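Enquirer: Below is one structure. I have some questions about it.
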Amino acid sequence: MRDAEPHPVRLADYRPPAWLVDTVNLDVSLHPTATRVVSRLALRRNPKGEAGAPVVLDGDGLTLVRVALDGAPLAGGAYEATPEALILRAPPGDRFTLEIETLVDPTANTQLMGLYRSRGNYCTQCEPEGFRRITYFPDRSDVLAVYTVRIEANREEAPVLLSNGNLERNGPVPDTDRHYAIWHDPWPKPSYLFALVGGNLSKVPDHFVTASGKPVELGIYVEPGKETRATYAMDALKRSMRWDETAFGREYDLDVFNIVAVSDFNMGAMENKGLNVFNDKYVLASPETATDADYAGIEGVIAHEYFHNWSGNRVTCRDWFQLCLKEGLTVFRDQEFSSDQRSRPVKRISDVRLLKAAQFTEDAGPLSHPVRPETYREINNFYTATVYEKGAEVVRMLKTLLGEQGFRAGMDLYFERHDGDAATIEDFLAAFADATGRDLGQFAAWYSQSGTPRVTAHGSYDAAARTYRLDVRQETPPSALQPVKRPMVLPLAVGLLGPDGAELPLSLDDGRNVPRHVIEVTQAEQSFVFTGITERPVLSLNRGFSAPINLSTNLTDTDLVFLAAHDSDPFNRFDALQDLAFRLLKAGAAEGRLPDAGPLVEAARRLLADTALDPAFKAQALALPGENEIAREIGSNVDPDAVFKARRALRAVLADALAAPLATAYDAHAAGTAYSPDAAAAGRRALRNLTLDYLTASASPEALARAQAQYAGTDNMTDRFAALAVIVQHDTPARTEVLEDFYRRFVTDPLVIDKWLSLQAQIPEEGTLDRVKALTLLPVFSMANPNRVRALIGAFATANPTQFHRPDGKGHDFLVDVVLGLDAKNPQVAARMLSAFKTFRQLEPGRRASAERALRRVAETPGLSADVSDIASRSLS
Ligand code: B3K
Ligand code: ZN
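Numbering of the sequence shown is given in this note's numbering, commencing with residue 765 and proceeding in unit increments.
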């Protein structure tokens, strides 16, 4: 267990490592409770490190057996060893070999960090600081070494033995029931990219030939019996490999690429060199068990981890403050991949929804931090929406500013310059600046300044002068650490629409035209005057959400209805509808009754009738913002019950006003041929299931019967689960029936049971808390499995605002009990659950006080992990 109050680590304190490791030879003898690890490190003093510094190797809970130096056993007095460090104060020279033997217990490892067991199989997770739980090592991302790994295990227990790189040889260990495999990875890598797997797994094989003709053997390893469920993941992998060649010129660089699916995993997946380890949720899919969203998730995560091979592995991070260097960039790359594979506008809309839901809320609350933080107490708590999602937005803005070619030139230069390096954000920006000649000095504030910029744009038309003037002001909310914030560079994609909806040519009064329709705001207040505008235009600003900002404009409801119908930018078409809905919902929540929804109804009616539109786009544009999204827009003094009621009321108004076209759309998008997970088919299902949601808003017996018919009559999980979700919203006997039926059908399939748990946790009724507690007692639930915990507890805390924030505080108390119970076993997941409180300051005073009491109860508990104590104290700060 780590120290709950460790000294904060600061970016400003970075020093190059005093010692480097050229090669690592690991010999791992797998055993359920006593795995023996012999590590031989070729150590070399770093000429750029602190002169005369001792050798300090990190450990975490290690049991040391012996140490040898250049082959000779080291006497006890020659080193200092604790479970947390191995220190040689007087190293014998500038270059020597250290051999270290440790014992680890993978079965007792419930943190799922380091070497652990998942359903009997051995696997590892080393990022960020798990390698030190396997052996003593300078466990930091700027120490790159070439690894050779020998794994030995019982043949029956672990017939499959995998590590990074290429397989050198394998075979039986003579005269024993054991066998071994030796893997060699020629690419120097930091310890966080090390991985090892041993177990009884089935290989789904395939192959790939790179653009330059190099053959690569591909393997996805799954539990025996699950092979057919890996087909889609394999397909996504091959498409990712090809895409990275064409979009970024990046080829794969080993003879093999393996993926292993495991059931117990703290996050989505891990990009270990040549051996990605995945949460099985992001590998396994079949039409009967996975929804369209699951398929899209698999495609995105497979791509993300694969793309890390260049953005993260070939070029890694100098230190963990630079995490966004690999994560933000790789999220951007996976977003682009999915956009190319599917519909670009639909992907952009869902990415922005996620950004706002997860990152804008984080940045507006006590856990706000810059994309590149400057201090941390527990790095595991910085794998955040800010680092990932805002980090990706910053890369996207670079592309918007530099254009397609400039961006590609910068990326090429970055990869060329830093291949084999541990790089920084400064290195990244310098590559773009040098490739394009552009000064990115002010732009760099996107990495260092926290908070979402608030931008107001006021447009005014001057008929006499034939000009349209846009006055833009920006301000980023101050924070305790950064009380004064500088203006940011905001690339705002813009269009002016004429009365017929046509796009007007843009030129500014200084004679410039507007390249790529992007204006660049760089000052706190700035005006742009567009000339030659003969009629009052309608402004479409921040198209495609080109800058991650909170924008308010002086557009009227009529303007928004116009944009919803005519904007050539699909994102802003969607956004116009959302804005209309937000205006109504905010007023409805504040006043207890909805204003006239006429303009929204008309805009929605037109959109629904527009046969030229992609059904997937329609489904997004017609879906009302969720309760959390509405709360975010309200921003302060939020009453979740009022939000819920306003949303329900607006849904009923739309359902009633559009009953006929919704029913027509439902029938018109009926499932046809066999299920296919492609984007077009998924889009039709999305629209149909959205209409089903509206059609059952009234809970009329006919509507529920339609949902029940869909539930029973389909063979795919998307349609079955969508029907289940709408039925479960209504307290009728049908609810119990379908929930029981679903359980019986899928009781042996944990990933499907997660959906069942999650759905029940989201029922917006008073009985839900007791229901959730009861579900924790079922044998299908386990606090030891992160997927189960996220599905049930996570959904309750993050997706059921009326019940989590019950006025009696019992929802808060429950989460605290769970977090405290979980902390001793899996601090990372416990801390994740606790961060559900990140928006508590936006609540009305009663619920805010209850959340604060709950957080205090955590903070005051003795013996907390660093992970949980860090989240509790920052949340309260
Ligand atoms: N790099 C890993 C995340 C590791 C998280 C450690 N707490 C997965 C990813 O982002 O690709
Ligand atoms: Zn990543």
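Just so it is clear, CB atoms sit at the ideal spot from N, CA and C, and this is done for glycine as well. Since we're looking at a predicted model, the values are computed, not measured.
1. By how many angstroms is the C-alpha of I864 removed from the C-alpha of A832?
2. Relative to the C-alpha of R1141, which residue among A1559, Q1206 and I1635 is closest?
3. Between the segment 1126 to 1140 and the segment 1453 to 1467, do three or more beta carbon pairs fall short of 8 Å?
4. In chain order, which alpha helix (DSSP H) runs of at least 4 residues are fully inside the segment 1444 to 1491?
5. Within this structure, are the beta carbons of I754 and L1268 separated by less than 8 Å?
6. Scan the segment 1406 to 1439 and note each continuous alpha helix (DSSP H) run of 4 residues or more that stays entirely inside, going in chain order.
7. Taking F972 as the reference, give the member of R1596, G1477, S1641 and V1020 with the closest Cα.
8. Can you tell me where the beta strand (DSSP E) holding C887 begins and where it ends?
9. Does the distance from the CB of I1303 to the CB of L1260 come in under 8 Å?
10. By how many angstroms is the C-alpha of L1586 removed from the C-alpha of E921?
11. Are there any heavy atoms of the ligand B3K lying less than 7 Å away from the beta-carbon of Q1526, as far as the coordinates show?
12. Can you find a heavy atom of the ligand ZN that lies under 7 Å from the Cβ of T1094?
13. How long is the line joining the alpha carbons of R1202 and G1170, rounded to whole angstroms?
14. Who are the Cβ neighbours of A1257 in its own chain at under 6 Å, not counting the five residues just before and after it?
15. Our contact map puts N1043 next to N1551 with C-beta atoms below 8 Å; I'd like the distance itself, whole angstroms only.
16. Could you check whether the Cβ of M1031 sits closer than 7 Å to any heavy atom belonging to the ligand B3K?
17. At the 8 Å Cβ level, is E1366 part of the contact set with chain B, yes or no?
18. Under the DSSP definition of a beta bridge, which residues are partnered with T1317?
19. Any chance the CB of E1035 is under 7 Å from a heavy atom of the ligand ZN?
20. Quick one: does the C-beta of E1655 sit closer than 7 Å to a heavy atom of the ligand ZN?
21. Taking the C-alpha atoms as reference points, what is the distance between Q1592 and M1031?
22. Locate the beta strand (DSSP E) running through T787, then write down its first and last residues.
23. What I want to know is whether the C-beta of Y1147 ends up closer than 7 Å to one or more non-hydrogen atoms of the ligand B3K.
24. Give the range of the alpha helix (DSSP H) segment to which F1070 is assigned.
25. For L867 and V829, which I take to be in contact (beta-carbon distance under 8 Å), what is that distance rounded to the nearest angstrom?
26. Taking only heavy atoms of the ligand B3K into account, decide whether any of them is closer than 7 Å to the Cβ of N1453.
27. Assuming P952 contacts G1265 under a Cβ cut-off of 8 Å, what Cβ separation, rounded to an integer in Å, is found between them?
28. So, using beta-carbon positions, are P902 and W783 closer together than 8 Å?
29. Cα-Cα, which of D1104, F1292, S1522 and L850 is closest to Y1507?
30. Would you call R779 buried or exposed, if buried means 16 or more other Cβ atoms sit within 10 Å of its Cβ?
31. Quick check: what's the CA-CA separation for K967 versus Y956?
32. Counting Cβ pairs, one atom from each stretch, are 3 or more of them under 8 Å apart for the segment 1619 to 1639 and the segment 1571 to 1587?
33. Under a three-way DSSP split, which group does D1505 fall into?
34. Does the pairing of the segment 1207 to 1224 with the segment 1238 to 1249 give three or more beta-carbon distances under 8 Å?
35. Secondary structure at R800, three-state DSSP: helix, strand or coil?
36. If you draw a straight line from the C-alpha of R766 to the C-alpha of Y900, how long is it?
Expert: So, from the listed chains and residues:
1. Across the structure, A832 and I864 are spaced so that their CA atoms are roughly 7 Å apart.
2. When only C-alpha atoms are compared, the closest one is I1635.
3. Segments in contact, no.
4. The segment 1444 to 1491 contains these whole alpha helix (DSSP H) runs: 1465 to 1477.
5. Residue numbering for the chain in the displayed model covers 765 to 1641; residue 754 lies beyond these limits and cannot be assessed.
6. You should have 1423 to 1432.
7. Taking only the C-alpha atoms, the option nearest F972 is V1020.
8. Following the DSSP letters along the chain, one finds C887 inside the beta strand (DSSP E) bounded by residues N885 to Q889.
9. The sequence shown places Leu at residue 1303, rather than the Ile named in the question. Yes.
10. The alpha-carbon atoms of E921 and L1586 are separated by roughly 29 Å.
11. For the ligand B3K, not one heavy atom lies less than 7 Å from the Cβ of Q1526.
12. Within the cutoff, so yes.
13. A straight-line Cα-Cα distance of about 10 Å links R1202 and G1170.
14. If you ignore the 5 residues before and after A1257, its C-beta comes within less than 6 Å of the C-beta of H1281, V1282, R1307, G1308 and S1310, all in its own chain and listed in chain order.
15. Right, the Cβ-Cβ distance comes to about 7 Å (below 8 Å), so this counts as a contact.
16. Yes, the ligand B3K has a heavy atom inside 7 Å of this Cβ.
17. Of the chains in the structure shown, none is chain B; there is only one protein chain.
18. Looking at the DSSP assignment, T1317 forms a beta bridge with A1221.
19. E1035 Cβ: within cutoff of the ligand ZN.
20. Given a span of 765 to 1641 for the chain in the structure shown, any question on residue 1655 remains unanswerable.
21. In a straight line, the C-alpha of Q1592 is about 10 Å away from that of M1031.
22. Counting along the chain, the beta strand (DSSP E) containing T787 begins and ends at W783 to S793.
23. Set against 7 Å, the gap from the CB of Y1147 to the closest heavy atom of the ligand B3K is smaller.
24. This sequence places Tyr at residue 1070; Phe is not what is there. Membership of Y1070 in the alpha helix (DSSP H) is indicated by the continuous run D1056 to F1071.
25. With a Cβ gap of about 6 Å, L867 and V829 count as contacting.
26. No, Cβ of N1453 sits at least 7 Å from all heavy atoms of the ligand B3K.
27. Contact doesn't hold; Cβ gap of about 57 Å is too wide.
28. Yes, they are a contact pair.
29. Residue S1522 is the option with its Cα nearest to Y1507.
30. Its Cβ having fewer than 16 others within 10 Å, R779 is exposed.
31. Approximately 25 Å between the Cα atoms of the pair.
32. Result yes; three or more Cβ-Cβ pairs closer than 8 Å.
33. Of the three classes helix, strand and coil, the one that applies to D1505 here is helix, per DSSP.
34. When C-beta atoms of the segment 1207 to 1224 are compared with those of the segment 1238 to 1249, three or more pairs fall below 8 Å, so the two segments count as touching.
35. In the structure shown, R800 falls within a strand segment according to DSSP collapsed to helix, strand and coil.
36. At R766, the pLDDT of 47 sits below 50, so the modelled position is not reliable; the number obtained from the coordinates is stated separately. Straight-line Cα distance between these residues: approximately 16 Å.
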